[in-house]
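First to last, the protein sequences are chains A and B.
Residues are numbered in our numbering as their position in the first sequence, beginning at 1, plus a constant of 30.
The second sequence: position 34 = 23 (our numbering), numbered continuously.
We treat Cβ as the ideally placed atom computed from N, Cα and C, and that holds for glycine.
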Amino acid sequence: MSNAPKRYGFETLAVHAGATPDPTTGARNTPIYQTVSYVYDSADHAASLFNLQTYGFIYSRITNPTVSVLEERVAALEDGRAAVAAASGHAAQFLAFFSILEPGDSFVASQNLYGGSVTQFGHSFKRLGWNVRFVDPTDPENFRAAIGSDTKAIFIEALSNPGGVIVDVEAVAAVAHQAGIPLIVDNTLASPYLLRPFDWGADLVIHSTTKYLSGHGTSMGGIVVDSGRFDWGASDKFPGLTKPDPAYHGLAFWETFGDLGYAMKTRAVGLRDFGPAMAPMNAFLTITGIETLPLRMDRHIANAQAVAEFLTRHPAVAWVSYAGLETSPFHALARKYLPKGPGAVFTCGLKGGYDAGVKLVEACELFSHLANVGDTRSLILHPASTTHRQLTDAQRVKAGAGPDVIRLSIGIETADDLIRDLADGLAAATR
Amino acid sequence: MEPLVYPDALIRRVLHAVRTIAMVGASANWVRPSFFAMKYLQEKGYRVIPVNPQAAGQTILGETAHAGLADIPGPVDMVDVFRNSEAAGAVVDEAIRLKDAKGIAVIWMQLGVRNDEAARRAEAAGLTVVMDRCPKIEFGRLHHELSWSGVNSRVITAKRPRMMR
């Protein structure tokens, strides 16, 4: 017998990680622990729980047995140390930054982000004294140039929504580490099946689990995963982790919990004090979704490639941004970082501009006109008239959401049916 | 330095066999990591005897603290070292000297504590050595309790979990 610890493949982890049979009943599937609270064995046990001296459940705002199965599963799939789930991807993003930013601090973010993140960072975070500087992510040096003494993190979508941009994660991680700050990657659009940012030097990963992880368009959720590898104590930049925390009677999370310190702080202070906990039912549906993640992603990618190739040949289409096409400027980066395929969300431009975009989304029968990605169903959206409408024209173009842009999230239906639906819709849009 | 690899079976064997732990560097301050570990291990049924010259004679979590390993009256199965890596060397040498008198079988150095030279001396003397790990974290990890905080335990099993003690 080998002396080395057992290692399991991605597909095995997708089904098993975090989920042992229920210790009391033997139930093999993860039960939905639809409970708010948990009894203490004694006053001393209660004190140990509240002081974080023992492991256990207190209140489902902080931990819940169904939610913790999801947390461990995603931590395992990302090959991270620990994870903290939240009610949505936006909530997870807020918690991720709350543990490391002080009022007056800044971070540098890619300008190619989901429009909701651009608004969250640029407007709502600003009111907390957290300042963002957006840069063009296609040159890693742009991040270095934007880092100042108050900068505490770099944030990117490795595979961006909706621009089809792929960021050189390894190079940006090197820039972050030279500045003594962590790289945070929103890995929603790739999922850990296609890309594991920790393998390329990222320190924290965020997901909207609402998308491919849950996979069926049923459940809101978000998660923060910590690699456990960033040395928060190497500088005085992160007092929230290294100094005694007055929100936790003087506990210093980094010293007391070591490589679990970031996750403990994010849970015991962030989740506790702001309260965006994931519902157990949503965790259950997301766990079930993850079991088929590898199977679904393979089909999503095969369909996306077929649809993208069809669109490049269509006379009403000016351009297609899918990095799986050899003509994409990001094709080389896609082969390096996403060898299984660059996801299934991409954009195309219509020669007919804004009006053609509106007509196409209304003419499709099979593609659902809605704001989501990563569903089993194929989805279509005209960002300029929906998700990105609150941005300025300049911001929209920067984010890859100009007036002619159509965003597609390709589902797992029969590829020929998707192509026929788009062909019919494009015919209607050009009439 | 080579990364340290300990099979789960070895950690399980140690945590199952040990009853009494001498905790060198134990603190009476409740926010110190050693206090967290001592309290947890006591709750899991281990007897933990604090060793700390500054606290000698004081009571920590119901146990009298001693100045050194030699001052502990009864037997000790495992020495858990909450000192820095360099200071761990002298603790290990004292444990080797006392191993037959006290019945010491295991040297455990805490998370962040690693002294390869001292480990070689201890192993040559027939002791089992674990370094750069925390017995609280390892006990919690192998019993799925660490998983309750969303930690990647790397334990995969289709068997119903059972407590080892």
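Bridge partners - residue i, DSSP secondary structure assignment
i: residue 89 of chain A; result: A/67
i: residue 36 of chain B; result: B/9
i: residue 4 of chain A; result: It is not possible to answer for residue 4 of chain A, since the shown part of chain A is limited to 31 through 461.
i: residue 252 of chain A; result: A/116 and A/238
i: residue 52 of chain B; result: B/49
i: residue 163 of chain A; result: A/138
i: residue 213 of chain A; result: A/184
i: residue 196 of chain A; result: A/189
Residue i versus the options, residue with shortest Cα-Cα distance
i: residue 259 of chain A; options: A/389, A/179 and A/293; result: A/293
i: residue 238 of chain A; options: A/272, A/423, A/115 and A/344; result: A/115
i: residue 183 of chain A; options: A/158, A/267 and A/122; result: A/267
i: residue 90 of chain A; options: A/437, A/306 and A/389; result: A/306
i: residue 355 of chain A; options: A/241, A/315 and A/195; result: A/195
i: residue 59 of chain A; options: A/396, A/319 and A/336; result: A/319
i: residue 16 of chain B; options: B/5, B/0 and B/38; result: B/38
i: residue 178 of chain A; options: A/192, A/206, A/191 and A/198; result: A/206
i: residue 465 of chain A; options: A/80, A/172 and A/158; result: The requested residue 465 of chain A does not occur in the structure, where chain A is confined to residues 31 to 461.
i: residue 168 of chain A; options: A/449, A/198 and A/236; result: A/198
i: residue 47 of chain A; options: B/150, B/67, B/152 and B/146; result: B/146
i: residue 191 of chain A; options: A/49, A/142, A/296 and A/388; result: A/142
i: residue 9 of chain B; options: B/93, B/-3 and B/126; result: B/93
i: residue 59 of chain B; options: B/131, B/137 and B/68; result: B/68
i: residue -10 of chain B; options: B/121, B/77, B/151 and B/139; result: B/121
i: residue 424 of chain A; options: A/145, A/396, A/118 and A/208; result: A/145
i: residue 14 of chain B; options: B/55, B/86 and B/149; result: B/55
i: residue 70 of chain B; options: B/88, B/119 and B/61; result: B/119
i: residue 64 of chain A; options: A/420, A/93 and A/86; result: A/93
i: residue 444 of chain A; options: A/457, A/371, A/339 and A/332; result: A/332
i: residue 95 of chain B; options: B/129, B/11 and B/31; result: B/11
i: residue 149 of chain B; options: A/281, A/284 and A/57; result: A/57
i: residue 246 of chain A; options: A/68, A/381 and A/402; result: A/402
Other residues of its chain near residue i: CB distance less than 7 Å, five sequence neighbours each side excluded
i: residue 289 of chain A; result: 111 and 258
i: residue 300 of chain A; result: 125, 128 and 129
i: residue 151 of chain A; result: 139 and 162
i: residue 212 of chain A; result: 183, 206, 233, 234 and 260
i: residue 123 of chain B; result: 26, 99 and 100
i: residue 426 of chain A; result: 414, 418 and 432
i: residue 440 of chain A; result: 330, 333, 334, 337, 374, 408 and 448
i: residue 136 of chain B; result: 142
i: residue 149 of chain A; result: 420
i: residue 23 of chain B; result: 12, 14, 15, 16 and 71
Cβ-based neighbour list, residue i, same chain, cut-off 6 Å, excluding 5 preceding and 5 following
i: residue 373 of chain A; result: 189, 219 and 220
i: residue 91 of chain B; result: 64 and 65
i: residue 378 of chain A; result: 341, 347, 350 and 436
i: residue 70 of chain A; result: 76
i: residue 335 of chain A; result: 354
i: residue 134 of chain B; result: none
Chain-order list of residues whose beta-carbon lies under 8 Å from that of residue i (same chain, five-residue window excluded)
i: residue 31 of chain A; result: Residue placement at residue 31 of chain A is flagged as unreliable, the pLDDT there being 43, under the threshold of 50; a coordinate-derived value is accordingly withheld.
i: residue 37 of chain A; result: none
i: residue 131 of chain B; result: -3, 0, 1, 4, 142, 144 and 153
i: residue 156 of chain A; result: 162
i: residue 324 of chain A; result: 40, 41, 44 and 223
i: residue 84 of chain A; result: 75 and 78
7 Å Cβ cut-off: residues of chain B touching residue i
i: residue 83 of chain A; result: 25, 28 and 29
i: residue 38 of chain A; result: 145
i: residue 114 of chain A; result: 139
i: residue 93 of chain A; result: 137 and 138
Within chain A, the residues that residue i reaches when beta carbons sit closer than 7 Å
i: residue 133 of chain B; result: 50
i: residue 136 of chain B; result: 48, 98 and 102
i: residue 142 of chain B; result: 102
i: residue 150 of chain B; result: 50 and 53
i: residue 129 of chain B; result: 85
i: residue 100 of chain B; result: 288
Beta-carbon neighbours of residue i, restricted to chain A and to distances below 8 Å
i: residue 20 of chain B; result: 274, 279, 280, 281, 282 and 286
i: residue 32 of chain B; result: 75, 78 and 84
Contacts that residue i makes with chain B (C-beta to C-beta distance below 9 Å)
i: residue 106 of chain A; result: 141, 142, 143 and 145
i: residue 243 of chain A; result: Going along chain B, no residue has its Cβ under 9 Å from residue 243 of chain A, so there is no contact; the nearest lies around 15 Å.
i: residue 297 of chain A; result: 138 and 139
i: residue 134 of chain A; result: Within chain B, no residue comes near residue 134 of chain A; the closest Cβ sits about 27 Å away, beyond 9 Å.
Residues that residue i contacts on chain A, provided the C-beta gap is smaller than 9 Å
i: residue 51 of chain B; result: Those within 9 Å of residue 51 of chain B in chain A number zero; the least Cβ separation is about 11 Å.
Chain B residues whose Cβ lies nearer than 8 Å to that of residue i
i: residue 110 of chain A; result: 141
i: residue 293 of chain A; result: 138, 139 and 140
i: residue 56 of chain A; result: 149
When the Cβ atoms of the region 97 to 107 of chain B are set against those of the region 74 to 83 of chain B, are three or more pairs found closer than 8 Å?
Here the region 97 to 107 of chain B makes contact with the region 74 to 83 of chain B; the two share three or more CB pairs at distances below 8 Å.
Decide yes or no for the touch test of the region 360 to 370 of chain A against the region 420 to 433 of chain A: beta carbon pairs closer than 8 Å, at least 3 of them.
The answer is no - the region 420 to 433 of chain A does not touch the region 360 to 370 of chain A, with fewer than three Cβ pairs under 8 Å.
Pairs of beta-carbons, one from the region 268 to 281 of chain A and one from the region 242 to 259 of chain A, closer than 8 Å: are there three or more?
Fewer than three beta-carbon pairs drawn from the region 268 to 281 of chain A and the region 242 to 259 of chain A are found closer than 8 Å, and the two stretches are therefore not classed as touching.
Determine, using beta-carbon pairs with one atom in the region -8 to 3 of chain B and one in the region 445 to 454 of chain A, whether at least three such pairs fall under 8 Å.
With the cut-off at 8 Å, the region -8 to 3 of chain B and the region 445 to 454 of chain A do not touch.
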